[in-house]
Amino acid sequence: MDEDVESAANTKNTDEIDLELEDNMDAAPSQGTEQPEIATESKSMVNGPDLTIDEAKAALPESFRKPAAPQREPMEHPPDIGNTITNFLALDKCLPDKQFLQLTLLPTSDEVDQHRPLQLQYDREWLAITRAFTLSEPPIFGDPDAKPPPAKSQSEYRSLIAEQRRWVDEHLSDGALIVPQNFEVTAPKYDGGNWNLPQYSTVEECPNPQTAQFCQMLQMPNPLAISEDERAARMAAGPRSDPDAERFAASKRGRGGFGHNRGRGGGGRGRGGGRGRSRGR
957 MDEDVESAAN
967 TKNTDEIDLE
977 LEDNMDAAPS
987 QGTEQPEIAT
997 ESKSMVNGPD
1007 LTIDEAKAAL
1017 PESFRKPAAP
1027 QREPMEHPPD
1037 IGNTITNFLA
1047 LDKCLPDKQF
1057 LQLTLLPTSD
1067 EVDQHRPLQL
1077 QYDREWLAIT
1087 RAFTLSEPPI
1097 FGDPDAKPPP
1107 AKSQSEYRSL
1117 IAEQRRWVDE
1127 HLSDGALIVP
1137 QNFEVTAPKY
1147 DGGNWNLPQY
1157 STVEECPNPQ
1167 TAQFCQMLQM
1177 PNPLAISEDE
1187 RAARMAAGPR
1197 SDPDAERFAA
1207 SKRGRGGFGH
1217 NRGRGGGGRG
1227 RGGGRGRSRG
1237 R
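Taking my numbering, I'd label the letters of the sequence shown as residues 957 to 1237.
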């Protein structure tokens, strides 16, 4: 019996897997126990030469460099203008018990002609500035994608204004500087009808004859002048969509901006049955 057990123990099973491998046993290359050798550069090759920040920036290509800002000429205050103070006046709406009107006394020079009736006059320098900018940088209306031209230097603007000042002095007499009383009614006046009717919902664009005569006086194009066909095309196209205004209107509607009883006390009733000053809770 004991001999049979011993012989069975010594008999090797062909299907048995021996997991007790020796530590110093050579492994097959396919087992991946060998670490591959990685070629490393020396520390001096990795770090490279010592460079300062300025030297490193100088070694970069031109595309990496920040473009230099153009140098601006210093702003010089015109020596002929002695007034260096600007007074701001804030008035209320034209409602009862509101400060919507204020009379201010302005000092005048003794050289100013005080003959009656007093009339408004154009300033020659202002006319020169207006003509210089209208001819050199004409405004563009009706194009939302239009961009203003780049600003010129102060010396360039000074030269343009001086040129137009000579034109104003040569072509406009002192009598032409008087602001004409040439107001004309161009838009139809309200006839007292129901403004909710469809005929009141359409607003046509009306030209301003005063602007046309002003541009004609200075012999410069009127940027606001359009033909009848262009005016009809604008009316047919309707107002241009404004996404910002639409989002603002939607947010106002979402917060109850168009409803009643906004805020505190909008619709609260007092103790006596009439409308009082309660908070309207």
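The C-beta atom is built at its ideal place from N, Cα and C for all residues, glycine as well.
Source: prediction; values computed, not measured.
Of the choices the options, whose alpha-carbon is the least far from that of residue i?
{"i": "residue 1137", "options": "1204, 1190, 1073 and 1195", "result": "1073"}
{"i": "residue 1141", "options": "1122, 1127, 1162 and 1175", "result": "1162"}
{"i": "residue 1285", "options": "1145, 1006 and 1016", "result": "The requested residue 1285 does not occur in the structure, where the chain is confined to residues 957 to 1237."}
{"i": "residue 1191", "options": "1169, 1130, 1033 and 1098", "result": "1098"}
{"i": "residue 1171", "options": "1124, 1044, 1198 and 1154", "result": "1124"}
{"i": "residue 1111", "options": "1032, 1025 and 1095", "result": "1032"}
{"i": "residue 1026", "options": "1185, 1198 and 1109", "result": "1109"}
{"i": "residue 1077", "options": "1153, 1130, 1014 and 1038", "result": "1130"}
{"i": "residue 939", "options": "1050, 1049, 1066 and 1043", "result": "The question about residue 939 has no answer, for the chain in this structure spans 957 to 1237."}
Taking 8 Å as the threshold (C-beta atoms), are residue j and residue i in contact?
{"i": "residue 1075", "j": "residue 1117", "result": "no"}
{"i": "residue 1204", "j": "residue 1166", "result": "no"}
{"i": "residue 1093", "j": "residue 1105", "result": "yes"}
{"i": "residue 923", "j": "residue 1062", "result": "Residue 923 falls outside the range modelled here, since the chain spans only 957 to 1237, and no answer is possible."}
{"i": "residue 1196", "j": "residue 1100", "result": "yes"}
{"i": "residue 1057", "j": "residue 1176", "result": "no"}
{"i": "residue 1181", "j": "residue 1168", "result": "yes"}
{"i": "residue 1080", "j": "residue 1121", "result": "yes"}
{"i": "residue 1052", "j": "residue 1179", "result": "no"}
Mind checking residue i: buried by the 16 CB within 10 Å criterion, or exposed?
{"i": "residue 1084", "result": "buried"}
{"i": "residue 1086", "result": "buried"}
{"i": "residue 1174", "result": "buried"}
{"i": "residue 1188", "result": "exposed"}
{"i": "residue 1206", "result": "exposed"}
{"i": "residue 1012", "result": "exposed"}
{"i": "residue 1143", "result": "exposed"}
{"i": "residue 1088", "result": "buried"}
{"i": "residue 1034", "result": "exposed"}
{"i": "residue 1049", "result": "exposed"}
{"i": "residue 1000", "result": "Confidence at residue 1000 is low in this model, with a pLDDT of 43, below 50, so its placement is unreliable and no value can be given for it."}
Can you list the alpha helix (DSSP H) stretches of 4 or more residues lying completely in the segment 1151-1175, in chain order?
Entirely contained in the segment 1151-1175, the alpha helix (DSSP H) runs reaching 4 residues are, in chain order, 1165-1173.
Please specify which runs of the alpha helix (DSSP H), each continuous and at least 4 residues long, are wholly inside the segment 997-1064, giving them in chain order.
The DSSP assignment places 999-1003 and 1009-1015 as complete runs of the alpha helix (DSSP H) inside the segment 997-1064, in order along the chain (cut-off: 4 residues).
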